[in-house]
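Q: Pasting a structure here, questions to come.
Protein chains: 2
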Amino acid sequence: MRPLYHPPVSEITVEGILYALSDPARVEILAQLSNADCEQTCKSFAKIGSKKLPKSTLSQHFKILREAGLIRSERVGVEMRNRPRCSELKGKFAPMIESILKAYASQKRQKA
Amino acid sequence: MRPLYHPPVSEITVEGILYALSDPARVEILAQLSNADCEQTCKSFAKIGSKKLPKSTLSQHFKILREAGLIRSERVGVEMRNRPRCSELKGKFAPMIESILKAYASQKRQKA
DNA sequence: TTCAATAGTTCATATCTCCTGAACTATTAA
DNA sequence: TTAATAGTTCAGGAGATATGAACTATTGAA
Numbered sequence: 002m003r004p005l006y007h008p009p010v011s012e013i014t015v016e017g018i019l020y021a022l023s024d025p026a027r028v029e030i031l032a033q034l035s036n037a038d039c040e041q042t043c044k045s046f047a048k049i050g051s052k053k054l055p056k057s058t059l060s061q062h063f064k065i066l067r068e069a070g071l072i073r074s075e076r077v078g079v080e081m082r083n084r085p086r087c088s089e090l091k092g093k094f095a096p097m098i099e100s101i102l103k104a105y106a107s108q109k110r111q112k113a
Numbered sequence: 002m003r004p005l006y007h008p009p010v011s012e013i014t015v016e017g018i019l020y021a022l023s024d025p026a027r028v029e030i031l032a033q034l035s036n037a038d039c040e041q042t043c044k045s046f047a048k049i050g051s052k053k054l055p056k057s058t059l060s061q062h063f064k065i066l067r068e069a070g071l072i073r074s075e076r077v078g079v080e081m082r083n084r085p086r087c088s089e090l091k092g093k094f095a096p097m098i099e100s101i102l103k104a105y106a107s108q109k110r111q112k113a
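Chains as they are written, first to last, in our numbering: chain A, 2 to 113; chain B, 2 to 113.
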């Protein structure tokens with residue numbers, strides 16, 4: 002199993018971030034991860050909204066978020082802990098990401 | 002030729018906007034359109050960066066931006082005028098879009 | 001150790017999406 | 001009319017995405 006790749010901040014791009022967040026499942030994952038009290042394993046996302054996702058698909062989604070520079074994944078025992086990298090992205094991308102998550106949260110609130 | 006569809010603000014979604022902006026050519030188009038003095042026809046985007054795009058591709062890109070609610074297209078004589086809809090999106094999406102364009106512009110500046 | 005269980009990754013492939021050349025539509029001007 | 005210009009639509013192949021099956025890594029128990 003090849004080691005997980007986390008791009009350095011200098012390699013992260015706006016397009017890459019937007020692409021990663023262009024899938025509804027992935028915005029939802031990042032949004033939930035950004036709630037500090039959220040469980041951070043892949044397993045905990047087996048259901049997103051009302052949709053059940055197979056683990057190979059989830060693994061792909063996490064990989065895309067990871068390689069866009071949005072999250073950091075770290076093995077802890079048998080599971081993978083994922084957390085947003087936003088503290089590392091200060092200034093450069095954090096305002097954009099925050100405004101995206103804010104708009105997404107507000108949209109969700111309105112639908113409910 | 003079926004009439005161009007412009008979604009009402011109530012139908013515009015965060016995911017839709019992020020998807021539309023997940024293609025480098027499309028962020029670039031929106032970014033340029035957001036400069037008031039930019040030429041607004043499709044024709045004027047036949048080259049994006051160093052890449053030459055065929056008009057069928059461009060037409061698709063404009064359609065996606067339009068149907069995500071990001072631009073309004075209007076026929077004027079033989080050509081199509083496109084302008085961003087951000088004034089209509091006040092509050093709901095404008096901050097997000099602005100922060101995206103800002104991050105994109107700053108990234109471009111840094112590369113140059 | 002070995003075995004089983006759990007969590008996730010990787011691979012193969014079927015499906016879906018996107019890009020683009022070619023044909024078509026709409027408008028204008030000669 | 002006809003020609004020119006600007007864009008749309010369509011069809012096909014090329015490329016991306018989703019997912020079941022097989023694999024890897026870690027832990028805990030026998």
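All C-beta atoms, glycine included, are put in the ideal place defined by N, C-alpha and C. The structure displayed is predicted, hence computed values, not measured ones.
Taking 7 Å as the limit between beta carbons, can you name the residues of its chain near Ala1(B), skipping five residues before and five after?
A: Residue coverage of chain B in this structure runs from 2 to 113, which leaves residue 1(B) outside it and unanswerable.
Q: Taking Cβ positions, are Leu19(A) and Leu22(B) nearer each other than 9 Å?
A: Cβ atoms of Leu19(A) and Leu22(B): closer than 9 Å.
Q: Roughly how many angstroms lie between the CA atoms of Ser116(A) and Asn83(B), to the nearest whole one?
A: This structure cannot speak to residue 116(A), because chain A is shown only from 2 to 113.
Q: Give me the Cα-Cα distance between Leu5(B) and Val77(B), rounded to the nearest whole angstrom.
A: In a straight line, the C-alpha of Leu5(B) is about 14 Å away from that of Val77(B).
Q: Count Cβ pairs between the segment 82-100 of chain B and the segment 27-46 of chain B that sit closer than 8 Å; are there 3 or more?
A: Contact between the segment 82-100 of chain B and the segment 27-46 of chain B is present, because at least three Cβ pairs lie under 8 Å.
Q: Keeping to the same chain, check which residues put their C-beta closer than 8 Å to that of Val15(B); ignore five residues upstream and five downstream.
A: Answer for Val15(B): Phe94, Met97, listed in chain order.
Q: Using a Cβ-Cβ cut-off of less than 7 Å, give me the residues of the segment 14-42 of chain A that come near chain B, in sequence order.
A: Result list: Thr14, Val15, Glu16, Leu19, Tyr20, Leu22, Ser23, Pro25, Val28.
Q: Return the chain-ordered list of same chain residues with a C-beta closer than 7 Å to the C-beta of Glu89(B), the five sequence neighbours on each side being excluded.
A: Correct list, in chain order: Val10.
Q: What would DSSP say about Val28(B), mapped onto helix, strand or coil?
A: Val28(B) falls in the helix class under three-state DSSP.
Q: Quick test of your reading: Pro85(B) and Ile72(B), contact by CB under 8 Å. State the CB separation rounded to the nearest angstrom.
A: Going by Cβ atoms, the distance from Pro85(B) to Ile72(B) rounds to 6 Å, so yes, they are a contact pair.
Q: Determine the extent of the alpha helix (DSSP H) in which Val15(A) is found, giving its start and end residues.
A: From DSSP, the alpha helix (DSSP H) with Val15(A) extends over 15-21.
Q: Please name the residue in Pro8(A), Ile13(A), Val79(A) whose C-alpha comes closest to that of Ala104(B).
A: Checking every option, the nearest Cα to that of Ala104(B) belongs to Ile13(A).
Q: To be precise: take each residue of the segment 43-77 of chain A, compare its Cβ to all Cβ atoms of chain B, and keep it if any distance is under 8 Å. Which residues remain?
A: Per Cβ criterion, the list is empty.
Q: In whole angstroms, what is the alpha-carbon distance linking His62(B) and Ser45(B)?
A: The alpha-carbon atoms of His62(B) and Ser45(B) are separated by roughly 13 Å.
Q: Kindly indicate the opening and closing residues of the beta strand (DSSP E) around Met81(B).
A: That run of the beta strand (DSSP E) goes 80-85.
Q: Classify Ala37(A) as buried or exposed, calling it buried when 16 or more other Cβ atoms lie within 10 Å of its own Cβ.
A: Burial call: exposed.
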